[in-house]
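Using UniProt numbering, the first residue of the sequence shown is number 1, and each one after it goes up by one. Written below as structure tokens is the structure these notes are about.
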Amino acid sequence: MAPVKAAILGFGTVGQGIYTIVNERKQQLEKTIGTPIEIAAILVRDLDKTRPETPGVLITDRFEEILAIPDLKVVFEAIVGEEPARTYLEQAIAAGCHVVTANKVMYAKAAPSLERQAREQGTGIGYEATVAGGVPVIKTIDNLNLSNEVTGIQGILNGTSNFILTKMRKESCTFEEVLKEAQELGYAEADPTNDVSGFDAFCKLMILSGLSFGEQPDWENVPMEGIDALSLDEVIDADRQGLRYRHIADVRRGEDGSIQASVGPVLIGPDHPLYGIDGVDNAVAIETAYAGTLTVIGPGAGMLPTASVMVEDAAVLLRKHATFRELVTRS
Ligand SMILES: NC(=O)C1=CN([C@@H]2O[C@H](COP(=O)(O)OP(=O)(O)OC[C@H]3O[C@@H](n4cnc5c(N)ncnc54)[C@H](OP(=O)(O)O)[C@@H]3O)[C@@H](O)[C@H]2O)C=CC1
Ligand SMILES: N[C@@H](CC=O)C(=O)O
């Protein structure tokens with residue numbers, strides 16, 4: 001059977017992870033999707049950079065070349081920032097592709113219009129990787145939305161911040177030292193401003209709010225702070241008192257029906273559910289109408305955890321649409 005063709009936009013930490021997993025899991029994917037999947041092209045910004053070998057794959061800096069690939073079915077998006085990512089995904093959906101993104105800065109704003117466009121076009125969007133890296137929080141909330149109700153969400157949503165706070169507390173490292181390590185490990189963004197200012201967690205929280213409550217709070221009214229103002233002394237003093245700083249994002253519907261949200265460092269004690277979440281891990285506590293609080297925990301950043309949920313998203317979309325096509329063809 002002819003392979004399903006896919007393209008990867010961006011070949012940094014996440015893009016390389018997608019390429020690795022699609023190739024390492026070729027047989028498993030063929031079994032789950034029903035057809036092989038092949039990475040046909042990769043979009044980069046700088047063609048002169050040295051990169052891992054990708055035999056037979058078109059490497060280009062021109063998105064038009066990607067769109068011109070005959071029978072392209074999936075576009076994985078792992079570039080940075082709102083544009084040109086949003087425009088590329090709009091064009092990919094218009095061309096009948098499923099799209100899978102990790103780009104929360106883009107998706108926090110573009111979700112409603114991209115989702116509308118995809119519905120009209122009959123294609124799908126996967127965005128598990130936009131929130132909490134490899135932690136399956138979108139799948140979990142999607143499932144709860146079927147017949148339960150999410151009433152509130154509280155979580156650690158930035159892996160870099162949690163990694164920095166943990167190393168400051170446990171090893172007395174300076175903020176600058178650990179940030180550098182987080183960049184080397186592929187956790188922090190190339191420009192880490194969004195990680196440490198709280199904006200990365202803010203965007204993720206807005207995506208969760210849209211998914212859980214069907215709307216986002218007014219961005220201007222959400223207090224947002226990062227970990228960049230915390231000193232090593234403050235973190236160590238807190239630890240001596242048995243307390244820990246956690247960067248916590250919280251969203252819930254208030255009694256008046258409005259959505260209330262906040263993002264910032266909070267000093268918590270051992271009885272708080274997020275006290276034990278260390279390193280690059282994220283944790284998302286989802287409060288529900290019927291199942292109490294469900295907490296999902298795992299790596300919030302990094303090459304393979306993030307890429308793995310993107311490949312899973314693509315497999316789900318391809319399987320679902322294949323089944324739909326088969327049913328339509330048979331009837
Ligand atoms: N790293 C992680 O753990 C996670 C990252 N994400 C998100 O995934 C996305 C990718 O992150 P990451 O892989 O870490 O980032 P990197 O900085 O490692 O890689 C970004 C890639 O995108 C390419 N790129 C950037 N802008 C353009 C453009 N305008 N046109 C074409 N290519 C472009 C770069 O090209 P070139 O190499 O030529 O410079 C590079 O290959 C981001 O949106 C990030 O927020 C989400 C979850 C976890
Ligand atoms: N830089 C982000 C990557 C995942 O979204 C983080 O540290 O959480």
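No residue lacks a Cβ here, since even glycine has one placed at the ideal position from N, Cα and C. As the structure is a prediction and not an experimental result, all values here were calculated from the model.
Query	Result
Locate the alpha helix (DSSP H) running through I236, then write down its first and last residues.	232 to 240
In the DSSP assignment, what are the bridge partners of M224?	V263
Under the DSSP definition of a beta bridge, which residues are partnered with A76?	Note on residue identity: the sequence assigns Phe, not Ala, to residue 76. Looking at the DSSP assignment, F76 forms a beta bridge with I8, V100.
Measure the beta-carbon distance from I277 to N148 and round it to whole angstroms, keeping in mind my assumption that it falls under 8 Å.	I277 to N148, Cβ: 24 Å. No contact.
Less than 7 Å separating the Cβ of Y187 from some heavy atom of ligand 2?	yes
Specify, as a first and last residue, the run of the beta strand (DSSP E) that I59 falls within.	58 to 60
Using the C-alpha atoms, what's the distance from E128 back to K139?	7 Å
Could you check whether the stretch 110 to 123 touches the stretch 258 to 265, counting it as contact only if at least three pairs of C-beta atoms, one from each stretch, sit closer than 8 Å?	no
Using DSSP's beta-bridge definition, name the partner residues of V44.	V44 pairs with nothing; no bridge assigned.
For P52, which residues in the same chain have their Cβ closer than 7 Å to its Cβ, ignoring the five residues on either side in sequence?	Q16
Looking at C-alpha atoms only, which residue of M1, A2, T20 is the closest neighbour of I8?	T20
Under the DSSP definition of a beta bridge, which residues are partnered with V251?	I153, A261
Is any non-hydrogen atom of ligand 2 found closer than 7 Å to the C-beta of A110, if you look at the structure I gave you?	no
I want to check one thing, is the minimum distance from the CB of T306 to the heavy atoms of ligand 1 below 7 Å?	yes
Of the residues A92, E65, T87, R62, which one's Cα is nearest the Cα of V75?	A92
Pick from P55, K73, R62: whose alpha carbon is nearest that of residue 339?	Residue 339 lies beyond the range of the chain shown here (1 to 331); nothing can be said about it.
With a CB to CB cut of under 8 Å and the five nearest residues on each side skipped, what residues in its chain are close to T295?	P273, A283, V284, A285, I286
Does DSSP classify D200 as helix, strand or coil?	helix
In whole angstroms, give me the CA-to-CA distance for D191 and T87.	22 Å
Would you list the one or two residues that DSSP bridges to A285?	Q154, T295
Can F11 be considered in contact with ligand 1, in the sense that its beta carbon sits closer than 7 Å to one or more heavy atoms?	yes
Return yes when the Cβ of G12 is within less than 8 Å of the Cβ of L317, no when it is not.	no
Leaving out the 5 sequence neighbours to the left and right, which residues in its chain are closer than 7 Å to I79 when beta-carbon positions are compared?	L9, G10, A85, N103
In whole angstroms, what separates the C-alpha of I39 from that of M1?	16 Å
Please tell me whether V100 and G126 are closer than 8 Å, where the distance is taken between their beta carbons.	yes
Tell me, which residues are paired with R25 by DSSP?	DSSP lists no partner for R25.
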